[in-house]
Structures are given as structure tokens and as C-alpha cells.
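Visitor: Using full-length UniProt numbering, the letters of the sequence shown map in sequence onto residues 1 to 127.
Every residue gets a Cβ at the ideal spot worked out from N, C-alpha and C, and that includes glycine.
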Amino acid sequence: MLEALRRSMAARAPFTNDLPPELRHKRDLIVSTPALREYSRKLWIAGEGALAEAIAAESGRDPSDMTIRALARYVLEIPELAGTEPDPLAALNAIFDLLDSGWPESPAALGSDAVGRRERGSHGVTA
Numbered sequence: 001m002l003e004a005l006r007r008s009m010a011a012r013a014p015f016t017n018d019l020p021p022e023l024r025h026k027r028d029l030i031v032s033t034p035a036l037r038e039y040s041r042k043l044w045i046a047g048e049g050a051l052a053e054a055i056a057a058e059s060g061r062d063p064s065d066m067t068i069r070a071l072a073r074y075v076l077e078i079p080e081l082a083g084t085e086p087d088p089l090a091a092l093n094a095i096f097d098l099l100d101s102g103w104p105e106s107p108a109a110l111g112s113d114a115v116g117r118r119e120r121g122s123h124g125v126t127a
């Protein structure tokens, strides 16, 4: 399911240059104009319920399950996060790789702050 979402998003602006000139112009205008980018984000996020229902149906889970809703929200935030990166498609793939494999728990994978996290506990909460 994540791979289908990845492919679907990769085929859309801002992740592809395989667009007709008029759509490229619209994409560039949206990406370069903060108010248009925010409006575009709001339109994407409005689809959260429908995407959660589709993910739930595909995975056999309830659409009200917090993890289903969270995944839908994360996926819909990808254009905002990755769309302005120097290589938007690489950023999209990095985010989907993270969603697919989960957050790495090894200290080497996390970097120097891993020790502090380990001292606080696995969830970063102290008693």
C-alpha cells in the first residue's frame, strides 16, 4: 500500500517534471508563493478522512484507528515537507522509506543524540 501511495505521489507535481508547460508553471507558482502553498496544503489535508478510509480498507483496520489517521496525515504532509527540497523526488522517497521501515533505533543510525534518548527511556519520557 505504501508503494502505491509513493508511486501516486511521485507522478504528481512537485515531484515530477513530466508535466505539460501550463501545469509546470502552476506548480512553480504554487511552490514559490507562500499563500498558495498554504492553500494547497489545506486542500491536501482535507482529504485525510478519505485517505484514512482507503488505507483502513486496504489494511483491514478501522479508519478511526489513530495509526491509520496518522499515516494518512503523514502522507498528505509530504508535498509540504518535500516539495521545496532541491530534489523533491529524492525527499519524497526518503520520507516513504522512513514510513516503510520505521525509525531506526540503533545509536549509530540515530546519531549522537541517541545516548540521551536511551538514558530517558525508549519513548523519551522521564518519570
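#1: Looking only at its chain, what residues have a beta carbon closer than 8 Å to the beta carbon of I45, apart from the 5 residues adjacent to it on each side?
#2: Measure the alpha-carbon distance for I68 versus R12 and round it to whole angstroms.
#3: With distances taken between CB atoms, is the gap from D100 to L5 smaller than 8 Å?
#4: In angstroms with no decimal places, state the Cα-to-Cα distance between D87 and N93.
#5: Taking the CB atoms as reference points, tell me whether R24 and V31 lie closer together than 8 Å.
#6: For G83, count neighbouring C-beta atoms within 10 Å of its own C-beta (all shown protein chains included) and say buried if the count is 16 or more, exposed if not.
#7: Who are the Cβ neighbours of M9 in its own chain at under 7 Å, not counting the five residues just before and after it?
Guide: From the atom records:
#1: If you number the sequence shown from 1, residue 45 lands on position 45. Cβ within range, chain order: R73, L76 and E77.
#2: For the purposes of this step, residue 68 is identified with residue 68 of the sequence shown, where counting begins at 1. For the purposes of this step, residue 12 is identified with residue 12 of the sequence shown, where counting begins at 1. For I68 and R12, the distance between alpha carbons rounds to 23 Å.
#3: The residue labelled residue 100 in the question sits at position 100 within the sequence shown. The residue labelled residue 5 in the question sits at position 5 within the sequence shown. Not in contact: D100 and L5 (Cβ atoms no closer than 8 Å).
#4: The sequence position of residue 87 within the sequence shown is 87, counting from 1. The sequence position of residue 93 within the sequence shown is 93, counting from 1. Each residue's Cα considered, the two are about 10 Å apart.
#5: On the sequence shown, residue 24 is found 24 positions in, with the first residue counted as 1. On the sequence shown, residue 31 is found 31 positions in, with the first residue counted as 1. Against a cut-off of 8 Å, the Cβ pair of V31 and R24 comes out as no contact.
#6: One-based indexing of the sequence shown puts residue 83 at position 83. So G83 ends up on the buried side.
#7: By one-based count along the sequence shown, residue 9 stands at place 9. Within the same chain, M9 has close Cβ partners F15, I78 and L92.
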